[in-house]
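Chains as they are written, first to last, in this note's numbering: chain R, 5 to 340; chain W, 5 to 340. The C-beta atom is built at its ideal place from N, Cα and C for all residues, glycine as well. For clarity, every value in this text was computed on a predicted model and none was experimentally measured. Have a look at the structure below, then the notes.
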């Protein structure tokens with residue numbers, strides 16, 4: 005075990021895609037937990053698209069990371085010191101730990117993970133925030149009904165893969181877009197999607213028409229941009245759009261113009277809603293227990309894309325923002 | 005009284021703004037009402053932006069007008085023959101009468117107007133469809149709370165003027181955009197808006213910032229395009245957008261690109277909903293009675309822009325689509 009704490013900090017605010025020089029790896033003493041706090045030795049760090057937004061100095065739902073601060077992110081690890089009643093040394097937890105070896109968290113921030121129920125890494129993906137994002141964004145905002153066509157962009161990603169599988173459980177036709185033939189094959193053959201499109205090579209309009217012969221009732225949007233434009237034109241009356249992410253827009257250095265889509269919402273009475281998983285915090289227990297049950301029953305398949313070494317987190321985040329990951333992107337900080 | 009029926013028909017499908025040659029004035033016999041039907045002598049014809057969409061041969065919420073068919077539209081007039089129980093000769097009604105002197109309607113299509121409660125022309129405007137569109141789009145979709153800032157585009161128009169006045173009654177800050185200094189002065193001085201912007205001359209972003217120092221909670225969009233782009237950037241967390249019209253988009257001959265606005269909906273959890281007043285048909289009685297009461301109490305002011313002569317309807321619709329009207333646009337077919 006390390007006797008120092010390595011941290012990846014924000015060294016510079018990126019313009020466009022981040023560069024590795026926008027991050028710095030620093031090393032200092034392992035922090036000491038205060039009263040009511042625990043020290044967590046992080047095994048896994050989750051990399052997620054929202055992190056790009058936190059690197060900008062703009063108003064958002066949470067403050068941005070400041071220059072020199074540790075990059076934010078969820079981690080899963082083992083409690084090595086505890087000053088918090090109810091959390092014991094040896095417990096596995098997920099915490100908002102940041103990009104570092106060791107994290108301090110309050111007991112309220114630590115969610116206990118049961119390594120007998122599922123590998124702790126899944127608490128950062130399908131059984132954690134990304135899975136809950138899919139759960140609430142599809143079921144609460146999307147309101148899928150049996151027979152509906154549900155279209156999800158970034159279908160093989162941490163959120164999209166769960167959206168499609170829940171859509172199938174809900175009796176819907178699940179259709180997705182992804183950025184490679186291998187990803188398309190994966191969501192079709194492994195996750196049971198009814199149709200999928202390689203958005204990089206397909207004629208989007210024709211491909212969606214073929215994949216969605218009855219139009220689209222629910223659109224779960226992780227991506228924005230051209231795929232969203234093509235989907236909006238094909239939404240059915242009373243359709244619902246869950247705006248979860250707009251990853252195609254996060255690294256632009258100049259404004260990306262597109263067709264004005266509100267006219268589709270007017271005639272077809274589309275309900276478009278943006279959301280953040282935090283909005284459903286009061287119901288995390290419901291989502292986690294159901295996702296875990298589905299996983300244990302074999303109804304929810306999980307694909308992780310794991311890279312070893314905290315020092316590789318910057319490169320891997322950059323790759324994630326370009327769609328290089330295949331499944332939920334994780335950094336394994338310790339491998340034992 | 006005429007002993008023939010003049011009708012304005014669709015002669016050609018327009019590209020871009022309609023031309024007068026896209027319409028034809030034909031004259032034939034006054035139709036005879038069948039069983040359960042009434043004959044209405046139309047006094048007023050309502051001109052509304054939605055009519056442009058009905059001239060296109062595209063799928064929408066209702067079938068398009070076919071070439072040679074009478075242009076659709078609401079009329080208000082007097083029943084001159086009745087084969088319908090409950091409707092008497094001499095009753096004033098509004099009906100989906102079309103652009104013509106005389107219309108046949110079933111009893112179920114005829115809504116009785118009380119000329120003692122309000123001039124029958126108001127049954128086509130603030131106390132009819134446009135007023136009810138404002139009522140449901142603001143109160144049901146917009147969910148305004150006291151202290152909210154409500155922004156409405158086309159603020160001096162048939163719908164927008166009612167939106168702003170209801171917003172004031174609901175304890176909100178009412179802000180609008182309109183296309184001339186005279187319209188801006190009207191909504192400020194006569195309708196009691198708190199602020200208004202001439203969208204043709206203002207620096208939109210700066211003007212909205214000044215008019216909405218606390219941001220925008222509810223956006224009632226009649227217009228789309230640049231004003232909508234500027235408003236979306238200034239929507240508050242949990243804001244609501246009622247998409248009622250997109251008149252800036254109805255006469256385009258090539259696609260109008262704009263900034264991709266969904267990113268604002270994501271972070272701020274904006275709820276964007278398109279609607280058609282028909283969706284609220286079951287509650288028309290509630291809306292009409294409340295709008296009428298507000299009018300009688302002097303809380304709802306009505307401005308009508310009346311042009312005499314059915315033959316002028318094409319020119320006046322073209323003007324309406326270009327924002328030439330000042331208040332609810334009506335054609336007075338008979339003046340007695």
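Residue i in three-state terms, based on DSSP
i	result
residue 172 of chain R	helix
residue 205 of chain W	coil
residue 18 of chain W	coil
residue 71 of chain R	coil
residue 182 of chain R	strand
residue 313 of chain W	coil
residue 272 of chain W	helix
residue 300 of chain W	helix
residue 187 of chain W	helix
residue 156 of chain R	strand
residue 219 of chain W	coil
residue 337 of chain W	coil
residue 195 of chain R	coil
residue 263 of chain W	strand
residue 8 of chain R	coil
residue 29 of chain W	strand
residue 286 of chain W	helix
residue 146 of chain W	helix
residue 140 of chain W	helix
residue 81 of chain W	strand
residue 64 of chain R	coil
residue 278 of chain W	strand
residue 117 of chain W	strand
residue 291 of chain R	helix
residue 34 of chain W	coil
residue 200 of chain R	strand
Residue i burial status per 10 Å Cβ neighbour count (16 or more: buried)
i	result
residue 282 of chain W	exposed
residue 31 of chain W	exposed
residue 169 of chain W	buried
residue 275 of chain W	buried
residue 249 of chain R	buried
residue 180 of chain R	buried
residue 6 of chain W	exposed
residue 63 of chain R	exposed
residue 36 of chain R	exposed
residue 318 of chain R	buried
residue 339 of chain R	exposed
residue 256 of chain W	exposed
residue 214 of chain W	exposed
residue 287 of chain W	exposed
residue 61 of chain R	exposed
residue 81 of chain W	buried
residue 92 of chain R	exposed
residue 204 of chain W	exposed
residue 39 of chain W	exposed
residue 26 of chain R	buried
Tell me which residues of the stretch 248 to 264 of chain W have at least one Cβ-Cβ distance to chain R shorter than 9 angstroms, keeping chain order. 248, 249, 250, 252, 253, 254, 259, 260, 261, 262, 263, 264
What residues in the stretch 276 to 291 of chain W bring their beta carbon closer than 7 angstroms to a beta carbon of chain R? 276, 277, 278, 279, 280, 283
Could you say if the stretch 129 to 137 of chain R and the stretch 292 to 312 of chain R meet the contact criterion of at least three C-beta pairs nearer than 8 angstroms? The stretch 129 to 137 of chain R vs the stretch 292 to 312 of chain R: in contact.
Curious, which full-length alpha helix (DSSP H) runs of at least 4 residues does the stretch 226 to 258 of chain R contain? Restricting attention to alpha helix (DSSP H) runs no shorter than 4 residues, the stretch 226 to 258 of chain R encloses them at 230 to 236, ordered along the chain.
Please give me, in chain order, every unbroken run of the alpha helix (DSSP H) with length at least 4 that falls completely inside the stretch 37 to 61 of chain W. Qualifying alpha helix (DSSP H) stretches, in chain order: 54 to 58.
Between the stretch 257 to 267 of chain W and the stretch 190 to 200 of chain W, do at least 3 Cβ pairs fall closer than 8 angstroms? no
Any 3 or more C-beta pairs closer than 8 angstroms across the stretch 83 to 102 of chain W and the stretch 51 to 62 of chain W: The stretch 83 to 102 of chain W is not in contact with the stretch 51 to 62 of chain W.
At a cut of 8 angstroms, does the stretch 229 to 241 of chain W reach the stretch 239 to 256 of chain R through at least three beta carbon pairs? Judged by Cβ distances under 8 angstroms, the stretch 229 to 241 of chain W makes no contact with the stretch 239 to 256 of chain R, as fewer than three pairs qualify.
Contact the stretch 283 to 295 of chain R vs the stretch 134 to 152 of chain R: 3+ CB pairs below 8 angstroms: The stretch 283 to 295 of chain R makes contact with the stretch 134 to 152 of chain R; the number of CB pairs closer than 8 angstroms reaches 3 or more.
Any residues in the stretch 171 to 194 of chain W with a beta carbon nearer than 7 angstroms to a beta carbon of chain R? Which ones, in chain order? So nothing in the stretch comes that close.
Chain R contacts made by the stretch 213 to 236 of chain W, where a contact means CB separation under 8 angstroms: 225, 228, 229, 232
Any residues in the stretch 63 to 92 of chain W with a beta carbon nearer than 7 angstroms to a beta carbon of chain R? Which ones, in chain order? 64, 65
Across the stretch 55 to 74 of chain W and the stretch 111 to 120 of chain W, are there enough close Cβ pairs to call them in contact, namely three or more that are closer than 8 angstroms? no
Hey, is the stretch 208 to 216 of chain W in contact with the stretch 183 to 191 of chain W, meaning 3+ C-beta pairs nearer than 8 angstroms? no
Residues of the stretch 318 to 336 of chain W with a CB closer than 9 angstroms to any CB of chain R: list them in chain order, please. Per Cβ criterion, the list is empty.
Residues of the stretch 27 to 53 of chain W in Cβ contact with chain R at a cutoff of 8 angstroms, in chain order, please. none
At least 3 beta-carbon pairs within less than 8 angstroms: the stretch 6 to 16 of chain W vs the stretch 330 to 337 of chain R: no
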